[in-house]
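J.:
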Amino acid sequence: MFYPLRCIPIYKEKVWGGRNLAHILHKELPQGIAVGESWEICIHQEGRSIIGNGQFAGRTLEELVREYPEEMLGENHKIYGENFPLLIKFIDANDKLSVQVHPDDAYALVHEGSQGKAEMWYIVYAEKGAKVIWGLKKGVDRQTFEAALKKNALEEVLEEREVKTGDLLFIPGGVVHGIGKGIILAEIQQNSDITYRIYDWNRRGLDGKTREIHLRQALEVIKFCNFQDEVCQETITSGQGWTTKIYSFCPYFMVEAIEIEGTYLGHLHGERFEIVICVEGAMQLIYGEGKGEDFHRGETLFLPARLGDYGIKGKGKILKAYTERKST
Numbered sequence: 000m001f002y003p004l005r006c007i008p009i010y011k012e013k014v015w016g017g018r019n020l021a022h023i024l025h026k027e028l029p030q031g032i033a034v035g036e037s038w039e040i041c042i043h044q045e046g047r048s049i050i051g052n053g054q055f056a057g058r059t060l061e062e063l064v065r066e067y068p069e070e071m072l073g074e075n076h077k078i079y080g081e082n083f084p085l086l087i088k089f090i091d092a093n094d095k096l097s098v099q100v101h102p103d104d105a106y107a108l109v110h111e112g113s114q115g116k117a118e119m120w121y122i123v124y125a126e127k128g129a130k131v132i133w134g135l136k137k138g139v140d141r142q143t144f145e146a147a148l149k150k151n152a153l154e155e156v157l158e159e160r161e162v163k164t165g166d167l168l169f170i171p172g173g174v175v176h177g178i179g180k181g182i183i184l185a186e187i188q189q190n191s192d193i194t195y196r197i198y199d200w201n202r203r204g205l206d207g208k209t210r211e212i213h214l215r216q217a218l219e220v221i222k223f224c225n226f227q228d229e230v231c232q233e234t235i236t237s238g239q240g241w242t243t244k245i246y247s248f249c250p251y252f253m254v255e256a257i258e259i260e261g262t263y264l265g266h267l268h269g270e271r272f273e274i275v276i277c278v279e280g281a282m283q284l285i286y287g288e289g290k291g292e293d294f295h296r297g298e299t300l301f302l303p304a305r306l307g308d309y310g311i312k313g314k315g316k317i318l319k320a321y322t323e324r325k326s327t
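If you use numbering that gives the first Met the number 0, the sequence shown corresponds to residues 0 to 327, in order.
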């Protein structure tokens, strides 16, 4: 009954977006708008995934999770309460995004009535010389940061990093960040869309008005510390035809980057759900009695907890995301 679910992407128009999700990832975008985000897997007030394949086609992922919570999410589904834990996106930065920060859980619960937002970026495509903002320069404290804001010299305190295809970065709540021009990335994150803008390059939004800045909230949540050297534990495993890097970022999700040249085997017998994102090449996911679901770079599949044994065959690279939270 349960099979790999292919959700219909939800496209978001953004002032910094473009058409590269069509040109590079071959997505069928709506005409006439600059698309900045493709929400791949979501159960959120701003977007609810609709199933596009198989017997559940036309139903929402939210309906299936409510109707079959254990079969869809796993034996510990009750720990999520009413909140689906993850939100999966592709982002097209045709222009640079704002300098911004997200709150952590503690702040978001009190001030927004929501969970916070930790996120991971995987660089799917980057133009030569493309950069991201990833934290603050060493030694920058609140006083230094506010002084840079006042003299319109924020870039002096921002830590920039040049990126290339295959790079992977983690951004916990409280870390100042921004995506530069010429980048497509896959984003795995907590199921929250709270963003506090710090600086937006003096541009106007889609409505022609200056976009809102949230300096008070941003200053309350920014963590003035150096985090880059401590954010991730990496474990490498391999088998015949595949190599996996397992990244342990935070309590909210785990990510595996799996390079496949042959067949990778997975097993889902009720413990958890998984989300697989193809970031390179073309694959076929085999499940059940020899059934198959093709997917290629730029496509995402939700794998229910009761899917059973499966194999991913082909040549390329996938990201596999899941939660490791346990009931108490």
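Virtual Cβ for every residue (Gly too), placed ideally from N, Cα, C.
Computed from a predicted structure; not experimentally measured.
Residue range of the beta strand (DSSP E) that Asp104 falls in?
T.: Per DSSP, Asp104 belongs to no beta strand (DSSP E); it is in the alpha helix (DSSP H), Asp104 to Glu111.
J.: Given this structure, state the Cα-to-Cα distance separating Thr327 from Asn19, to the nearest angstrom.
T.: Low confidence applies here, because Thr327 scores a pLDDT of 42, under 50, leaving its location unreliable and the question unanswered by this model.
J.: Taking Phe301 as part of the beta strand (DSSP E), name the residues at either end of that continuous run.
T.: Counting along the chain, the beta strand (DSSP E) containing Phe301 begins and ends at Thr299 to Leu302.
J.: Quick one: what's got a C-beta closer than 6 angstroms to Cys41's C-beta in the same chain, skipping five residues either side?
T.: Within the same chain, Cys41 has close Cβ partners Ser48 and Leu86.
J.: Just to confirm before moving on: does the CB-CB distance between Glu233 and Tyr251 stay below 8 angstroms?
T.: No, Cβ-Cβ distance for Glu233 and Tyr251 is not below 8 angstroms.
J.: Note the first and the last residue of the continuous alpha helix (DSSP H) segment covering Arg196.
T.: First-last for Arg196: Tyr195 to Tyr198, but that is the beta strand (DSSP E), not the alpha helix (DSSP H).
J.: How long is the line joining the alpha carbons of Phe298 and Ala281, rounded to whole angstroms?
T.: The question names Phe, yet the displayed sequence has Glu at residue 298. C-alpha separation (whole angstroms): 10 angstroms.
J.: Could you pull out every residue in the same chain whose Cβ sits closer than 6 angstroms to the Cβ of Thr262, ignoring the five residues on either side in sequence?
T.: Gly240, Gly310 and Lys312, listed in sequence order.
J.: May I ask you to report which of helix, strand or coil DSSP gives Gly51?
T.: Three-state DSSP puts Gly51 in coil, outside helix and strand.
J.: Which partner residues does Met119 have in the DSSP bridge list?
T.: For Met119, which the question treats as bridged, DSSP gives the partners Phe169 and Ile187.
J.: Apply the 10 Å Cβ neighbour rule to Asn201 and answer buried if 16 or more other Cβ atoms are within range, or exposed otherwise.
T.: Result: exposed.
J.: Excluding the 5 residues preceding and the 5 following Glu111 in the sequence, name in chain order all residues of the same chain whose CB lies nearer than 6 angstroms to its CB.
T.: Answer for Glu111: Ile193, listed in chain order.
J.: Let me know the alpha helix (DSSP H) ranges lying completely inside the stretch 202-263, each 4 residues or longer, listed in chain order.
T.: The qualifying runs are 214-220.
J.: Below 8 angstroms between beta carbons: does that hold for Gly269 and Glu66?
T.: Not in contact: Gly269 and Glu66 (Cβ atoms no closer than 8 angstroms).
J.: How many Å lie between Asp308 and Gly16 at the Cα?
T.: Their Cα atoms are separated by approximately 39 angstroms.
J.: May I ask which residues mark the beginning and end of the beta strand (DSSP E) holding Val156?
T.: Careful: Val156 lies outside any beta strand (DSSP E) and carries neither H nor E.
J.: Grab the span of the alpha helix (DSSP H) containing Met71 for me, first residue to last.
T.: Pro68 to Leu72 is the span of the alpha helix (DSSP H), which, as asked, contains Met71.
J.: In this structure, does DSSP put Val100 in helix, strand or coil?
T.: Val100 falls in the strand class under three-state DSSP.
J.: For Ile50, collect the residues of the same chain with a Cβ closer than 8 angstroms to its Cβ; drop the 5 residues on either side in sequence, then sort them by chain order.
T.: Only Leu4, Arg5, Cys6, Ile7, Ala56, Gly57, Arg58, Thr59, Leu60 and Leu63 meet the Cβ criterion.
J.: Do you know offhand how far Ala117's Cα is from Phe248's?
T.: In a straight line, the C-alpha of Ala117 is about 9 angstroms away from that of Phe248.
J.: With distances taken Cα to Cα, identify the nearest neighbour of Ile274 among Val123, Asp206, Lys137 and Ala185.
T.: Ranking the options by Cα distance to Ile274, first place goes to Ala185.
J.: Kindly give me the distance between the Cβ atoms of Gly35 and Ala125, rounded to whole angstroms, as I take these residues to be in contact under 8 angstroms.
T.: About 16 angstroms; that fails the 8 angstroms criterion.
J.: Mapping the DSSP letters down to three states, classify Val175 as helix, strand or coil.
T.: Correct three-state label for Val175: coil.
J.: Should Ile221 and Val175 be called a contact, given that it needs their Cβ atoms to be closer than 8 angstroms?
T.: Result yes, Cβ atoms of Ile221 and Val175 sit closer than 8 angstroms.
J.: By alpha-carbon positions, which one of Leu168, Leu267, Ile183 and Leu96 ends up nearest to Gly204?
T.: Nearest of Leu168, Leu267, Ile183 and Leu96 to Gly204, Cα basis: Leu96.
J.: Mapping DSSP to helix, strand and coil, what is Val275?
T.: Residue state, collapsed to three classes: strand.
J.: For Lys319, is the classification buried or exposed, using 16 other Cβ atoms within 10 angstroms of its Cβ as the cut-off for buried?
T.: Buried, since its Cβ has 16 or more Cβ neighbours within 10 Å.
J.: For Asp104, which residues in the same chain have their Cβ closer than 6 angstroms to its Cβ, ignoring the five residues on either side in sequence?
T.: Within the same chain, Asp104 has close Cβ partners Gln114 and Gly115.
J.: May I ask you to report which of helix, strand or coil DSSP gives Ala33?
T.: Residue state, collapsed to three classes: coil.
J.: Can you tell me whether Tyr10 is helix, strand or coil according to DSSP?
T.: DSSP places Tyr10 in strand when its eight states are reduced to three.
J.: Name, in chain order, the residues that DSSP records as bridge partners for Ile23.
T.: DSSP lists no partner for Ile23.
J.: Return the residue from the list Phe1, Ile122, Glu45 and Met119 that minimises the CA-CA distance to Asn52.
T.: Closest by alpha carbon: Phe1.
J.: Going by alpha carbons, who is nearest to Val156 out of Asp140, Lys163 and Ile170?
T.: Comparing Cα-Cα distances from Val156 to each of Asp140, Lys163 and Ile170, the minimum goes to Asp140.
J.: Look at Asn93 and Ala33 and say whether their C-beta atoms are less than 8 angstroms apart.
T.: In this structure, Ala33 lies closer than 8 angstroms to Asn93 by Cβ.
J.: Any idea what DSSP makes of Val162, helix, strand or coil?
T.: Three-state result, Val162: coil.
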